[in-house]
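One gets this note's numbering by counting positions in the sequence shown from 1 and adding 314 to each.
Each residue gets a CB set at the ideal place from its N, CA and C atoms; glycine is no exception.
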Amino acid sequence: NNPGEWKGRTIEIDDAGTGDLVGDTFIGFRDTETGKIIFQSIPVGLYNDNNKGDDLPKKQIVRVVIKALRELKHGKGDRILLCRGNCFDPVREYFNENNIYYEPAIIEGKLQDAVEGRFIQHLRKLGVNSSNLTKECGITRYFILFNWVCRDIPNRERFVKTGFPSWKKKWRKIAMKRYQNFKGDKTREREEIKRRANEIYALMLEKPISVRKTTSKSQ
Numbered sequence: 315n316n317p318g319e320w321k322g323r324t325i326e327i328d329d330a331g332t333g334d335l336v337g338d339t340f341i342g343f344r345d346t347e348t349g350k351i352i353f354q355s356i357p358v359g360l361y362n363d364n365n366k367g368d369d370l371p372k373k374q375i376v377r378v379v380i381k382a383l384r385e386l387k388h389g390k391g392d393r394i395l396l397c398r399g400n401c402f403d404p405v406r407e408y409f410n411e412n413n414i415y416y417e418p419a420i421i422e423g424k425l426q427d428a429v430e431g432r433f434i435q436h437l438r439k440l441g442v443n444s445s446n447l448t449k450e451c452g453i454t455r456y457f458i459l460f461n462w463v464c465r466d467i468p469n470r471e472r473f474v475k476t477g478f479p480s481w482k483k484k485w486r487k488i489a490m491k492r493y494q495n496f497k498g499d500k501t502r503e504r505e506e507i508k509r510r511a512n513e514i515y516a517l518m519l520e521k522p523i524s525v526r527k528t529t530s531k532s533q
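Structure below.
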């Protein structure tokens, strides 16, 4: 069916953050008839080592989809446009088992913009302040988030989806190494500042008279 030819109500469903290294996942829902948009979140903790293997994130996505459709008062005459992402595989199974009509779709426009915006807002609240972090940054977002984690991994790893296989196999080791480098740079910077301060203080002690003369001349 052509989306433009549908006569009944349409509900769009899209996600943001499911493939991102840091933060919660957000599922967005839009009633195209009223323009109403609602969000549901999947906590980052469900993507850790203990839960990822049990597909807990996907099971939770099914739950929040059911909850949101109830809130939007979904009926049999409605059409659902569901994002093609594999995070929705169990949702498709649920729809098929319960004879809920849906169409796979590439979600663009208002809902995509809104759910991506909600995810970016969440990352800002976590403390990701890079000016390069935008809704349009695409694949570079991974490295923006990775670099943010590297700078303080002891305190920021709790915001990482540690259940991602690549994190354990590759990226965590790199992050730890970069963190040590950052820490070393900060130590050297502090030592340099301290050294310069001591030099200035020593010069002031050596030439107290010239300092007083300069002061009196300026008056």
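From the listed residues Ser355, Ala428, Ile514 and Phe460, the smallest Cα separation to Val442 is found for Phe460. Apart from the 5 residues on each side of it in sequence, Phe496 sits with its Cβ closer than 6 Å to the Cβ of Arg465 in its chain, given in chain order. Boundaries cannot be given for Ile414, as no beta strand (DSSP E) includes it and DSSP labels it neither H nor E. Here Tyr416 has Arg393, Ile394, Leu395, Leu396, Arg406 and Phe409 as same chain residues with Cβ atoms under 8 Å from its own Cβ, once five neighbours each way along the sequence are excluded. Distance from Pro418 to Arg398 at the Cβ level is roughly 5 Å; contact confirmed, criterion being Cβ atoms closer than 8 Å.
Looking at the DSSP output, Phe340 sits in a beta bridge with Ala330 and Ser355. The alpha-carbon of Tyr493 is positioned some 17 Å away from that of Leu335. Leu395 sits in a strand when the DSSP states are folded into three classes.
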